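First residue of the sequence shown? That's 164 in the numbering used here, and the numbers climb one at a time after it.
By construction, the Cβ of each residue, glycine as well, lies at the ideal position given by its N, Cα and C atoms.
Fair warning: this is a prediction, and the values are worked out from it, not measured in the lab.
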Amino acid sequence: MSSDQIFVPPLDQEELDAGWETLRMPNLGRLDQAEQRRIRAVSQEVADLVEPWLTAVSDQYRGLSWTIAVTLAAITPELPPAALVPVVKFSCWTLVFDDAFDNHHLSIAEHHGRMRHFLEFVEGDEPATTDPVLLALGDCLDELRESPLFAELEPQWRSALRETMRAMLVECEWRHAYQADQRTLPSFEDYLAVAVEAIDSRPVTWAALAVIGDRSILEEMDFLRGISVTLARCIRLSNDLRTHAKEALEGTVNSVLIRTAGEPVDQERLDAALHGITVDVDQHLRELEWHAEHFRTRTGRAEKWIADCADFVFEFYSRHEYRTLFDAES
164 MSSDQIFVPP LDQEELDAGW ETLRMPNLGR LDQAEQRRIR AVSQEVADLV EPWLTAVSDQ
224 YRGLSWTIAV TLAAITPELP PAALVPVVKF SCWTLVFDDA FDNHHLSIAE HHGRMRHFLE
284 FVEGDEPATT DPVLLALGDC LDELRESPLF AELEPQWRSA LRETMRAMLV ECEWRHAYQA
344 DQRTLPSFED YLAVAVEAID SRPVTWAALA VIGDRSILEE MDFLRGISVT LARCIRLSND
404 LRTHAKEALE GTVNSVLIRT AGEPVDQERL DAALHGITVD VDQHLRELEW HAEHFRTRTG
464 RAEKWIADCA DFVFEFYSRH EYRTLFDAES
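This is the structure:
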């Protein structure tokens with residue numbers, strides 16, 4: 164997909180200043196002024212490169228590239244802006260892709276039919292449709308292939324992305340079943356087993372590790388695969404804490420709904436469910452922090468990236484949603 168013919172006004176300084184002010188995140192506020200200036204400069208440079216491409220895919224996401232760039236600039240301080248662009252693009256793509264399959268008006272058969280084209284592409288086939296979201300995935304793959312370790316990590320990336328797609332179809336089936344009969348819910352354990360794949364953080368993790376380029380990552384693949392699952396649990400549960408009220412109105416299954424199912428939900432039961440999930444996330448954060456301090460790769464950059472990503476995203480979701488930071492109505 165080419166964005167050469169598309170003019171997209173860059174985020175102006177007023178928008179960027181407002182976005183930074185809106186963040187109000189303690190983990191950014193604790194940084195010294197020089198580091199905050201670096202993150203802002205890198206994020207703006209990356210967003211200027213990614214925003215035209217993203218708008219060519221969908222015009223619904225103004226500012227998303229900047230918001231994701233802030234995250235990645237903060238947790239990957241050793242990388243220059245150009246190195247972050249492929250991961251920011253792919254991270255933006257995952258959110259657009261998720262929304263494309265979060266269409267409550269489509270039947271299960273329609274979801275499966277559309278997903279088939281994406282699964283075939285991940286398996287190595289040429290795109291069989293002009294779907295702009297699928298073509299954008301091809302763009303992401305082309306750029307990631309320029310990353311230092313992507314040749315070695317591409318099988319992991321493809322496997323994780325394939326599992327994400329399959330898990331999204333399971334969640335679609337859960338949603339349809341729940342809307343037909345509200346007694347039909349998965350167990351919390353079954354939910355998490357699927358949800359950690361569907362949140363699509365694992366393919367993003369492999370993309371980021373490919374860009375980081377530490378070759379000792381290749382010696383610890385099983386270990387990193389395991390802590391990438393812990394990261395995915397943190398992100399999914401953090402997302403559930405942020406979106407549970409909206410998803411309840413939509414009839415979407417999430418961990419809060421499952422924890423409060425079976426009886427009328429009063430504020431006390433809801434608060435208990437939210438507290439329990441927050442405790443779960445905190446335990447996962449502490450586990451990842453331990454692994455970052457007692458790293459198994461030679462440099463520890465992979466473990467630190469995973470731990471810092473979990474911490475940043477949890478704090479972000481406690482205040483915002485990635486899609487709506489620049490939404491005047493959010």
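In the three-state reduction of the DSSP assignment, R279 falls in the helix class. E431: member of the alpha helix (DSSP H) spanning Q430 to E456, first to last residue.
An exposed status is given to R449, since fewer than 16 other beta-carbon atoms sit within 10 Å of its beta-carbon.
With contacts defined by Cβ atoms closer than 8 Å, S221 and V250 do not form a contacting pair. In this model, P366 and A395 are separated by some 10 Å (Cα to Cα).
DSSP, reduced to helix, strand and coil, places R187 outside both helices and strands of the structure shown, so it counts as coil.
In the structure shown, the three-state DSSP call for N402 is helix. Per DSSP, the unbroken alpha helix (DSSP H) holding I469 starts and ends at R464 to Y480. Proximity to W453 across A436, V442, V296 and D471 peaks at D471, based on C-alpha coordinates. The distance from the Cβ of E334 to that of V416 is about 7 Å, consistent with a contact at the 8 Å cut-off.
In the three-state reduction of the DSSP assignment, I421 falls in the helix class.
Annotated as proximal: A237 and I202, with beta-carbon spacing under 8 Å. E466 is classed as buried because its beta carbon has at least 16 other beta carbons within 10 Å across all chains shown. In the DSSP assignment, I202 falls within the alpha helix (DSSP H) that extends over Q196 to V220.
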